[in-house]
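With the working numbering, the residue at position 55 of the sequence shown is 434, and numbering never jumps.
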Amino acid sequence: MSAVEEKLAALGLTLPDVVPPLAAYQPAVQTGVYVYTAGQLPLVEGKLPVTGKVGAEVTAEEAKDLARVCALNALAAVKSVVGDLDRIARVVKVVGFVASASDFTGQPGVVNGASELLGEVLGEKGVHARSAVGVAVLPLDAPVEVEIQVELVP
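1. Note the first and the last residue of the continuous alpha helix (DSSP H) segment covering residue 486.
2. Closest to residue 429 by C-alpha separation, out of 505, 527, 523 and 453, would be which residue?
3. Please name the residue in 465, 414 and 426 whose C-alpha comes closest to that of residue 471.
4. For residue 512, verify whether its CB is less than 7 angstroms away from any heavy atom of the ligand MN.
5. To the nearest whole angstrom, what separates the beta carbons of residue 468 and residue 490, a pair I think is in contact under 8 angstroms?
6. Would you mind sorting residue 453 into buried or exposed? The rule is 16 or more other CB atoms within 10 Å of its CB.
7. In the DSSP assignment, what are the bridge partners of residue 408?
8. Using the rule of at least 16 other Cβ atoms within 10 Å of the residue's Cβ for burial, across every protein chain shown, is residue 399 buried or exposed?
9. What's the C-alpha gap between residue 396 and residue 425?
10. Leaving aside the five residues before and after residue 437 along the sequence, list all residues of the same chain whose C-beta is less than 7 angstroms from its C-beta, in chain order.
11. Alpha carbons only, please: which of 390, 439, 460 and 388 is nearest the one belonging to residue 485?
12. Residue 433 by DSSP, collapsed to three states: which one?
13. Quick one: what does DSSP say residue 524 is sitting in, helix, strand or coil?
Printed below as a string of structure tokens:
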């Protein structure tokens with residue numbers, strides 16, 4: 380077990396199986412020392428635990444927890460390409476999309492769920508640049524979607 384997976388276990392988390400693509404794309408691709416993930420939905424065992432817009436059907440706190448799930452799914456996608464999460468030199472960028480009610484403006488707080496998980500698991504290697512974007516709708520009526528870009532140890 381890698382040190383990253385040991386840290387996950389210490390947090391009471393297990394790296395899930397890679398979420399199969401919902402369309403014509405790969406969950407993650409590597410180019411040189413970088414891995415880019417596709418947008419990861421908060422699927423748990425193939426299902427969304429909750430659907431709807433944040434600020435309407437879904438609370439900001441629920442969405443923050445779902446963003447953590449998205450980040451965990453993104454780490455699984457990275458592992459599927461590189462084999463060992465200990466190869467991560469750092470997380471370079473996180474982009475979070477939040478399906479938002481028209482008056483909801485707390486997107487950064489929601490995406491903190493993903494950012495905080497990456498920091499807990501990877502420490503300084505998890506510190507990253509980030510965008511948190513409010514959108515009208517996401518695939519499957521998911522409340523949140525997260526993609527990450529990581530740099531690998533050469």
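Virtual Cβ for every residue (Gly too), placed ideally from N, Cα, C.
A quick look at the data gives this:
1. 486 to 501
2. 523
3. 414
4. Inclusion of the ligand MN in the displayed structure is not the case, the ligand content being empty and no account of it being possible.
5. The pair is not a contact, with the Cβ atoms about 22 angstroms apart (cut-off 8 angstroms).
6. buried
7. 415
8. exposed
9. 10 angstroms
10. 429, 431 and 522
11. 439
12. strand
13. strand
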